[in-house]
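Have a look at the structure below, then the notes.
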Amino acid sequence: MTCRGPILKNVREALESQLASWVLAGDERSIARSFVAKDWAAAMRFVCGVSEAAEAANHHPDIHLTEYRKVKVVLSTHSVGGLTQQDIDLAHEIDAVPVEYSKKWLSAQRPSEAAEFPSEFDRSHFANGLNADFFQQNLDEFLGKGGKFEDPELRDIAAAREDIVSALKLTKKSVVADVGAGSGILVPLLLENAGRVVASEISPGFRKILRGTGAEVVDASETNPNLPDGIDLALLVDVYHHLEYPRTVLRHIRSKLKNRGTLAVIDFHRDPSKVTSHDADWVLGHVRADQATFTREIESVGFTLVADLKLDSLPENYFLFFNKRPLPHDIPGVGWTSGSS
2 MTCRGPILKN VREALESQLA SWVLAGDERS IARSFVAKDW AAAMRFVCGV SEAAEAANHH
62 PDIHLTEYRK VKVVLSTHSV GGLTQQDIDL AHEIDAVPVE YSKKWLSAQR PSEAAEFPSE
122 FDRSHFANGL NADFFQQNLD EFLGKGGKFE DPELRDIAAA REDIVSALKL TKKSVVADVG
182 AGSGILVPLL LENAGRVVAS EISPGFRKIL RGTGAEVVDA SETNPNLPDG IDLALLVDVY
242 HHLEYPRTVL RHIRSKLKNR GTLAVIDFHR DPSKVTSHDA DWVLGHVRAD QATFTREIES
302 VGFTLVADLK LDSLPENYFL FFNKRPLPHD IPGVGWTSGS S
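So the sequence shown is numbered by the numbering used here: it starts at 2 and just counts up by one.
Laid out in structure tokens, this is it:
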């Protein structure tokens with residue numbers, strides 16, 4: 002997610018700025034870049050250019066050329082200390098190799114800005130609206146022992162909250178946004194591990210509860226989480242299936258994330274065989290779409306899926322990490338933007 006550990010400071014700085022097109026592996030021992038070429042000739046020209054640069058640098062990157070003209074370059078380190086300046090120098094050389102992208106692929110990398118209609122949901126399940134329950138005056142049914150949100154016996158998230166926050170790998174410099182924070186089940190642990198926690202919530206009742214946690218509380222709407230700039234990690238925990246305008250909300254989140262910012266999404270499997278706390282009718286009525294559909298929606302507005310984490314303590318939910326995707330320029334030597342667009 003974020004660069005830390007043995008990785009050298011100059012390498013970290015390069016990955017967070019000039020080398021925005023490269024994805025850092027989870028073990029921080031390799032970086033990779035991939036794209037789809039205009040045609041096979043363009044793919045081979047790029048591969049030859051990379052080979053020449055690698056030979057001059059006495060480096061041995063892995064180059065994968067697969068169907069549909071997809072090219073992937075992986076730079077792995079052999080240094081005990083992790084990625085080195087030599088790896089970064091070669092990545093810069095590779096970014097300068099002329100490349101002609103597939104127009105279809107290039108278009109798909111640019112976030113969709115189309116106006117969004119409300120998401121379709123089961124109106125027999127949500128008779129009063131997708132989020133009506135959260136606007137009632139008495140929210141006791143969600144709180145404490147026996148509460149839908151906070152009882153570990155009833156909710157995986159409550160039981161797994163320590164594992165969830167540990168997996169985020171936060172530091173005291175991390176700025177975290179808990180979007181749809183609800184009763185604040187994760188907020189105390191986030192405050193312990195991060196430097197700043199912003200809790201975004203549409204429910205006035207939940208906002209009142211959140212104001213007693215120590216987090217910065219912001220009033221959200223169905224279309225805007227109202228986050229400040231400079232977010233390192235945005236967190237959506239059992240929230241995505243409640244977004245009435247998911248792409249609109251995601252665009253706002255993306256605009257507030259730092260260049261190498263991360264979006265973490267935890268949501269229910271839309272599979273009754275994996276969700277034992279509710280019956281099949283609830284699962285299929287409550288969760289409007291499956292993991293693959295939600296992933297496509299998220300990627301369509303400028304994110305790239307980088308990890309699908311499996312937690313034994315979270316059997317009913319999937320746990321996905323997305324990076325804010327930089328936008329490619331079809332100009333040799335320019336590589337990718339590192340800006341917020």
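Backbone N, C-alpha and C define an ideal beta-carbon position, used for all residues, glycine too.
Does residue i come out as helix, strand or coil in the three-state DSSP assignment?
i	result
residue 277	coil
residue 51	helix
residue 325	strand
residue 227	coil
residue 192	helix
residue 320	strand
residue 152	coil
residue 298	helix
residue 249	helix
residue 20	coil
residue 35	strand
residue 259	strand
residue 125	coil
residue 162	helix
residue 284	helix
residue 310	strand
residue 210	helix
residue 186	coil
residue 136	helix
residue 43	helix
residue 344	Residue 344 is absent from the structure shown; the chain starts at 2 and stops at 342.
residue 204	coil
residue 25	strand
residue 168	helix
residue 291	coil
residue 237	strand
residue 109	helix
residue 179	strand
Would you report the Cα separation of residue i and residue j, rounded to the nearest angstrom?
i	j	result
residue 75	residue 89	12 Å
residue 156	residue 150	7 Å
residue 266	residue 65	29 Å
residue 42	residue 234	40 Å
residue 326	residue 303	5 Å
residue 95	residue 289	42 Å
residue 342	residue 162	Confidence is the limiting factor: at residue 342 the pLDDT is only 34, short of 50, which leaves the residue's position unreliable, though a coordinate-based value still follows. Answer to the nearest angstrom: the Cα atoms are 33 Å apart.
residue 190	residue 45	50 Å
residue 307	residue 28	13 Å
residue 39	residue 102	5 Å
residue 3	residue 237	Any reading at residue 3 needs caution, since the residue's pLDDT is 40, under 50, leaving its predicted position unreliable; the model's value is listed next. Cα-Cα distance, rounded: 17 Å.
residue 200	residue 178	6 Å
residue 317	residue 33	31 Å
residue 247	residue 123	16 Å
residue 80	residue 26	15 Å
residue 106	residue 69	10 Å
residue 282	residue 133	20 Å
residue 273	residue 196	38 Å
residue 117	residue 50	42 Å
residue 20	residue 98	14 Å
residue 119	residue 245	5 Å
residue 121	residue 321	23 Å
residue 173	residue 193	9 Å
residue 55	residue 82	21 Å
residue 87	residue 160	44 Å
residue 127	residue 287	8 Å
residue 254	residue 61	38 Å
residue 242	residue 53	48 Å
residue 276	residue 291	13 Å
residue 100	residue 184	49 Å
Measure the beta-carbon distance from residue i to residue j and round it to whole angstroms, keeping in mind my assumption that it falls under 8 Å.
i	j	result
residue 202	residue 181	7 Å
residue 73	residue 35	4 Å
residue 30	residue 78	5 Å
residue 294	residue 323	Not really, about 15 Å apart at Cβ, beyond 8 Å.
residue 204	residue 269	That belief does not hold up - the Cβ atoms of residue 204 and residue 269 are roughly 20 Å apart, past 8 Å.
residue 250	residue 226	6 Å
Looking at residue i and the ligand MN, is the gap between the Cβ and the nearest heavy atom below 7 Å?
i	result
residue 265	By its list of ligands, the structure shown contains no ligand whatsoever, and the ligand MN lies outside what it can speak to.
Any beta carbon of chain C sitting closer than 8 Å to that of residue i?
i	result
residue 230	Structure shown: chain C not included; a single protein chain is present.
- request: Could you say if the stretch 312–319 and the stretch 164–171 meet the contact criterion of at least three C-beta pairs nearer than 8 Å?
  value: yes
message: Which complete beta strand (DSSP E) runs does the stretch 52–103 hold, if anything under 3 residues is left out?
response: 63–67 and 71–77
message: Taking contact to mean 3 or more Cβ pairs, one atom from each stretch, closer than 8 Å, check whether the stretch 256–275 and the stretch 294–302 are in contact.
response: yes
- request: Would you check if the stretch 138–145 and the stretch 218–229 touch, i.e. whether three or more CB-CB distances between them fall below 8 Å?
  value: no
query: Is the number of C-beta pairs between the stretch 183–197 and the stretch 210–217 that are closer than 8 Å three or more?
result: yes
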